[in-house]
Amino acid sequence: MDRRTFLKKSGVLALSVSWAPGCGSEATDEPMVASYNYTGPMGPADVFTHGVASGDPLDTSVVLWTRAKPDVVGDEPIFWEVALDPDFELRVSAGQEALDPERDGAFKVIADGLSAGQTYYYRFWVRGRSSVIGRTRTSGPVDHVRLAVCSCSNYATGLFVGYRGIARRRDLDAVIHLGDYIYEKQYGPANRPNQPPYEVVTLADYRTRYGHYRTDPDLLEAHRQHPFICVWDDHESANNSYKDGAQNHDPEDGEGSWQDRRQAATRAWTEWLPVREAADGRIWRRHAWGNLLDLFMLDTRLWARAKQVSGGMKEQIADPERPFLGQDQEKWLHEGLVQGSGRWKVLGQQVMIAQLKVNGTALNTDQWDGYEATRDRLFDVIEDQNIEGFVVLTGDIHTSWASDLTRDSSDPERYNPTTGQGAMGVEFVAPGITAGGFGGGSVVLGELARDLNPHIRWVDLVHRGYFVLDVRDSAVQSDWFHYATLQDDAEEKLGASWLSVYGSGHLTEADSSAAEKDQQPDLAPG
50 MDRRTFLKKS GVLALSVSWA PGCGSEATDE PMVASYNYTG PMGPADVFTH
100 GVASGDPLDT SVVLWTRAKP DVVGDEPIFW EVALDPDFEL RVSAGQEALD
150 PERDGAFKVI ADGLSAGQTY YYRFWVRGRS SVIGRTRTSG PVDHVRLAVC
200 SCSNYATGLF VGYRGIARRR DLDAVIHLGD YIYEKQYGPA NRPNQPPYEV
250 VTLADYRTRY GHYRTDPDLL EAHRQHPFIC VWDDHESANN SYKDGAQNHD
300 PEDGEGSWQD RRQAATRAWT EWLPVREAAD GRIWRRHAWG NLLDLFMLDT
350 RLWARAKQVS GGMKEQIADP ERPFLGQDQE KWLHEGLVQG SGRWKVLGQQ
400 VMIAQLKVNG TALNTDQWDG YEATRDRLFD VIEDQNIEGF VVLTGDIHTS
450 WASDLTRDSS DPERYNPTTG QGAMGVEFVA PGITAGGFGG GSVVLGELAR
500 DLNPHIRWVD LVHRGYFVLD VRDSAVQSDW FHYATLQDDA EEKLGASWLS
550 VYGSGHLTEA DSSAAEKDQQ PDLAPG
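Residue numbers (my numbering): 50 to 575.
Structure (structure tokens):
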């Protein structure tokens with residue numbers, strides 16, 4: 050099949066082009082796609098040290114990212130190209146832009162005019178040198194979506210074997226990263242030294258920490274093979290952060306103002322991750338895969354959250370005026386849930402929404418348990434509007450959980466864990482990529498959590514890893530993939546599988562992991 054026929058069959062014959070060379074003398078109905086031409090001296094082979102990445106896929110566009118050494122690039126533009134094949138014989142789009150000197154070498158471009166539900170390959174050029182080849186995929190109207198879901202990657206704790214497992218999967222539509230992409234200081238054992246070797250506070254510090262993480266080969270490969278959809282949690286700034294401060298921030302201990310630190314942290318995150326950028330700094334946004342899935346990515350951390358209070362402060366916890374999402378984000382979410390066309394309504398967010406209590410007192414008020422009024426209003430919308438297919442994806446707590454979502458699981462008149470009566474949705478919680486669980490005695494702790502909170506259907510407090518969310522018209526299923534160690538020879542094993550049939554709002558254990566897609570495009574070579 051020749052190039053023109055392939056493009057016609059792929060539905061991409063009329064792609065828009067971001068940049069093209071001068072006008073040619075021959076008329077053609079094929080799109081003009083620029084080629085890279087450079088005649089100057091060759092730059093160093095390591096100009097693209099931090100690899101490539103893509104993210105925030107939409108039906109017709111995706112963010113492409115790389116970082117080039119600013120002192121090597123100089124005023125030479127970065128050239129990028131996108132193709133339907135890894136050999137770049139079927140190129141569909143290309144362009145070039147100057148490197149912004151204010152962004153520490155980070156380079157982002159939105160490749161648009163693409164086809165929905167299509168896998169693409171991309172790369173960058175500068176000073177005669179090519180980056181590695183990346184692979185990405187647009188969203189679109191499909192009948193089967195598979196998403197890897199992960200969080201909490203502490204570089205110092207151990208190898209990123211979970212990212213390695215994600216990178217090897219050929220049938221993923223995207224990777225959902227729910228935050229704690231970096232850690233601002235040393236938590237747990239120092240199995241791998243961090244850079245810089247101290248708690249990060251300034252913009253230069255945060256940039257260095259991201260740059261150090263992005264030398265990890267497993268993280269680089271996960272980014273290279275799949276588009277990421279990311280939100281931050283607390284450790285991208287400081288532990289247990291909220292809008293106006295953080296538990297791990299002390300202005301009187303030489304850490305400066307919180308606003309300066311927050312600005313530095315969010316700027317570095319925006320520079321180093323393949324995310325679309327909003328002028329007002331918001332990261333809450335919606336992604337969709339046709340009429341199958343609406344994905345709402347939230348900011349429960351820095352946009353509006355009030356300072357955490359203790360579990361005994363029940364009046365403050367129930368205060369309807371105490372913000373968590375903020376009025377604007379909350380309004381956007383409620384309207385999106387009601388008006389969205391997706392059969393499944395999925396939230397991608399940071400902290401556990403299911404109740405985790407002992408004798409009615411919240412164990413962790415950094416979670417939605419500490420902001421009950423916001424959760425109550427959300428549950429009101431789900432119930433009052435008869436919203437089906439409600440699913441929440443969560444990170445933050447380094448451990449694996451599967452829960453029914455209900456008003457009050459302690460009241461058998463309102464919730465039945467066997468039948469699911471009274472449940473309005475489900476929650477899947479991702480373990481840490483490396484951040485540790487509870488260790489010794491965790492089996493007993495998990496059983497106790499379930500006994501006291503019967504809506505919690507399953508919990509694993511030991512293993513690290515990730516899960517794959519499989520979404521079809523009839524059901525959604527989460528398959529947890531776990532690692533017993535964080536060593537180079539760690540083996541990936543299926544930890545558990547739980548599913549929810551559409552309309553049930555309830556979890557049942559699956560007999561096996563969900564079947565992979567029949568169509569599995571080639572991974573990017575290299």
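Every residue gets a Cβ at the ideal spot worked out from N, C-alpha and C, and that includes glycine.
Residue i and residue j closer than 9 Å at C-beta
i      : j      : result
Gln399 : Trp333 : no
Ile127 : Leu442 : no
Ala403 : Leu374 : no
Glu610 : Gly552 : No statement about residue 610 is possible, as the shown extent of the chain runs from 50 to 575 and does not include it.
Trp507 : Ser449 : yes
Arg241 : Tyr204 : yes
Gly444 : Asp265 : no
Ser527 : Ala451 : yes
Ala313 : Tyr262 : no
Val475 : Leu454 : yes
Ile278 : His193 : no
Gly495 : Arg513 : no
Ala102 : Gly154 : no
Asp560 : Trp529 : no
Ser202 : Ala472 : no
Leu227 : Ala317 : no
Cβ-based neighbour list, residue i, same chain, cut-off 7 Å, excluding 5 preceding and 5 following
i      : result
Asp457 : Arg463, Tyr464
Val210 : Asp267, Tyr532, Leu535, Ala539
Gly73  : At Gly73, the pLDDT of 36 sits below 50, so the modelled position is not reliable; the number obtained from the coordinates is stated separately. Excluding positions up to five away in sequence, the list is empty.
Ala239 : Ala205
Asn413 : Leu405
Ser290 : Asp283, Arg350, Leu351
Rounded C-alpha distance that separates residue i from residue j
i      : j      : result
Val158 : Val112 : 6 Å
Leu268 : Leu342 : 27 Å
Gln357 : Met401 : 14 Å
Ser180 : Phe97  : 6 Å
Asp418 : Leu405 : 7 Å
Val525 : Leu556 : 10 Å
Ala76  : Pro135 : Here the model assigns Ala76 a pLDDT of 38, short of 50, so the residue's position is not dependable, and the following value carries that caveat. Straight-line Cα distance between these residues: approximately 28 Å.
Gln274 : Asn408 : 46 Å
Val249 : Asp293 : 18 Å
Asp309 : Asn288 : 16 Å
Ser546 : Glu565 : 14 Å
Ala160 : Glu146 : 12 Å
Gly125 : Pro90  : Sequence check: residue 125 is Glu here, not Gly. Computed Cα separation, rounded: 12 Å.
Asp519 : Arg195 : 5 Å
Ala355 : Arg311 : 15 Å
Phe173 : Ala573 : 14 Å
Ser200 : Gly481 : 5 Å
Asn297 : Phe345 : 28 Å
Glu558 : Ser549 : 9 Å
Asn243 : Arg424 : 37 Å
Gly189 : Arg325 : 18 Å
Trp381 : Leu396 : 13 Å
Gln388 : Leu497 : 39 Å
Gly214 : Leu208 : 12 Å
Gly575 : Val492 : 42 Å
Gly71  : Glu138 : At Gly71, the pLDDT of 31 sits below 50, so the modelled position is not reliable and the matter cannot be decided from this model.
Asn86  : Tyr247 : 44 Å
Tyr212 : Val198 : 10 Å
Cross-strand partners of residue i (DSSP beta bridge)
i      : result
Pro579 : Outside the shown range of the chain (50 to 575) lies residue 579, about which nothing can therefore be said.
Trp338 : Leu342
Ile159 : Val112
Gln145 : Phe128
Trp174 : Phe128, Ser179
Lys406 : Ala411
Gly397 : Met346, Leu442
Leu454 : Gly474
Cut-off 6 Å between Cβ atoms - residues of its own chain near residue i, not counting five sequence neighbours on either side
i      : result
Ser390 : Asn340
Arg499 : Ile505
Ala216 : Glu270, Ala271, Gln274
Gly60  : Unreliable placement is indicated for Gly60, whose pLDDT of 36 sits below 50; the coordinate value is still reported in the next sentence. Counting only Cβ-Cβ distances below 6 Å, and skipping sequence neighbours, we find Ser164.
Proximal residues to residue i (C-beta, below 8 Å), its chain only, five neighbours per side dropped
i      : result
Gln578 : Residue 578 cannot be examined here, being either before or after the span of the chain that is shown, 50 to 575.
Pro300 : Ser306, Trp307
Lys542 : Phe530, His531, Tyr532, Ala533
Gly554 : Glu437, Phe439, Asp453, Leu454, Gly469, Ala472, Met473, Gly474, Val475
Gln365 : Val358, Arg371
Would you be able to state if there are at least three C-beta pairs under 8 Å between the region 226-241 and the region 284-294?
-> yes
Check whether the region 166-180 touches the region 131-143, taking contact to mean three or more Cβ pairs, one atom from each stretch, closer than 8 Å.
-> Segments in contact, yes.
Take every Cβ of the region 89-104, pair it with every Cβ of the region 115-122, and state whether three or more of those distances are shorter than 8 Å.
-> yes
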